[in-house]
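Numbering (the numbering used here), first residue to last: 10 to 425.
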Amino acid sequence: MTRIKKIPRKDYGIFVDIVANAYPGMQINTREEKERSKRMLLGAVRRSGTYHFGAYQKDTMVGVMALYDFMMNMAGSTIPVGGIGLVAVDLLHKKEKICRDMVTYFINRYHRQNVRMLALYPFRPDFYKKMGFGYGALLNQYSIRPGDLPQTPGKTNVRFLHKRDTRSIKACHGHFLRQRHGMMTDRETKWLHLFDNPKTKVVGYKDRRMLSGYIIFTFRKAHETNWIKNDIVIREFIYESREAFSGLIAFLRSQSDQVNRIIYGTQDEHFHYILQDIRSGNDNLLLPLAHESHSQGIGVMYRVIDVPGLFRDLAAHRFGTVTLCLKITVTDSFYPANAGSTVVCFTDGRPSVSKGKRCDAEITIDISDFSSLITGAVDFRHLYRFGLAEISNEQYIQHVDQLFRIDEKPLCMTQF
Ligand SMILES: CC(C)(COP(=O)(O)OP(=O)(O)OC[C@H]1O[C@@H](n2cnc3c(N)ncnc32)[C@H](O)[C@@H]1OP(=O)(O)O)[C@@H](O)C(=O)NCCC(=O)NCCS
């Protein structure tokens, strides 16, 4: 009985009310705050690639969601990705499967558009895992004393950036996106509003007038009464080259007199190698004897909605150097149209979806884990070891493991 449709302009007042009640932390309470949110939402939808949908029962809106068109670097190939955010259900209509209906609509909509991959940030990972979304790479959050960063050259090339630099910042982000697996495009509104908040600082590394790296950051109070003690919170750290990385690290290190700690979250699993002292500062000792270095969490989650379609989209990608016909059988209880078997023949790593049934081995896996596997967030060997994937012939474990290995964990800095 729930009907999903694009939210007409006249319903944006109710839209904001539903969001305000679902996310009290957003502090949308007064008339002015509600008006501002309404303007922002209407502004966002005017930009291409953002859509607001409502779930209606008769003529009453009972749930809302925002959908986004993104592009993603998938191991060197560029593929479209559908994103979902701002999911909210009217307090009076919770647990009536409205969210389920909206997510189903989300999947169907992108499936119709030949998009094979979806992404979201979960309010609760288990809620969306049940719906077939798999974990992306762990986010590592460091709390770094500036002086523990290495002494590197290049600081003199670091400049403050301003609104007039937005175009080059976006271009630099685009270059980085093409270099790094997992990176996705951002919403237009991010670039439009980047400098709206005067607390947001942006520094960039410029070499021969070309921007090849930048950091977006804010300061944060680090002490209740001592206002001189502040942290830097990094929102985004982009670098196209070793030189840009070196220069921006030098900038951060040089803040050691003023800045208590630098808070930095990254899916780069090797970042700690750069630190002189990797301890996070709280002196926690983990068993049997390990110094706490950072905290970790699951952020972005991915979902494949069309297994054969994804392999067709990735025809140019080389899955290792393996030659093998693999039957991939996925279970997908939330979206049964996606469940079933696909035979993919890899010739020296190049995939081709086969119409025949002949295969060398078959793997069976849930769609959530397959989504983590194909994005390189997890490897096959571990899924098999933990009983999360099965294989018809154990002799092929190593081959399948090689097929799905990607050198680096997927990075995702896109917020939605
Ligand atoms: C989180 C929120 C959106 C959930 O909305 P809801 O309409 O109450 O959720 P639903 O009733 O659709 O619950 C999901 C249902 O999907 C169904 N479902 C999940 N996986 C399924 C599967 N694999 N197969 C079949 N059905 C499945 C289940 O029936 C589940 O209901 P249950 O938990 O009662 O068993 C809502 O509580 C809310 O607005 N919260 C505040 C804002 C928020 O945190 N939003 C999320 C941002 S990502």
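Heads up, the beta-carbon is just placed ideally off N, CA and C, and yes, glycines get one too.
query                                                                                                                                                                  : result
Which residue wins for smallest C-alpha separation from S265, given the options T351, V211, R173 and L158?                                                             : L158
Name the residue from E233, D20, Y32 and T39 whose alpha carbon lies nearest to the alpha carbon of D68.                                                               : D20
Just list the beta strand (DSSP E) runs in the segment 306 to 347, keeping only unbroken ones of 3 residues or longer that don't cross its boundaries, in chain order. : 310 to 313 and 333 to 340
With a threshold of 7 Å on Cβ separation, who are the neighbours of A348 within its own chain once the five nearest residues in sequence on each side are excluded?    : V339, T340 and D341
For E417, tell me which candidate among G385, F395, F389 and V71 has the shortest Cα-Cα distance.                                                                      : G385
Residues around ligand 1, please: the ones whose beta-carbon is closer than 6 Å to some heavy atom of it, in chain order.                                              : A31, Y32, V96, A97, V98, K103, K104, E105, K106, I107, C108, R109, P131, F132, K139, M140, S342 and F343
With a threshold of 6 Å on Cβ separation, who are the neighbours of I116 within its own chain once the five nearest residues in sequence on each side are excluded?    : I314 and Y344
Short of 6 Å in beta carbon distance, which residues of its chain neighbour G94, apart from the five on each side in sequence? Order them along the chain.             : A75 and F425
Have a look at A128 and G91 and give me their C-alpha separation to the nearest angstrom.                                                                              : 6 Å
Could you compute how far the alpha carbon of T165 sits from the alpha carbon of G256?                                                                                 : 8 Å
Enumerate, from N- to C-terminal direction, the unbroken beta strand (DSSP E) stretches of 3 or more residues contained entirely within the segment 111 to 188.        : 126 to 129, 147 to 153 and 167 to 169
What do you get for T209, buried or exposed, if any count of 16 or more other CB atoms within 10 angstroms of its CB means buried?                                     : exposed
Between which residues of its own chain and R359 is the CB-CB distance below 7 Å, once the five residues before and five after are set aside?                          : R327
Which of the three DSSP states is assigned to T227 in this structure?                                                                                                  : strand
Could you give the first and the last residue of the continuous alpha helix (DSSP H) run that contains S380?                                                           : I376 to I383
Is I372 near T351, with beta carbons less than 8 Å apart?                                                                                                              : no
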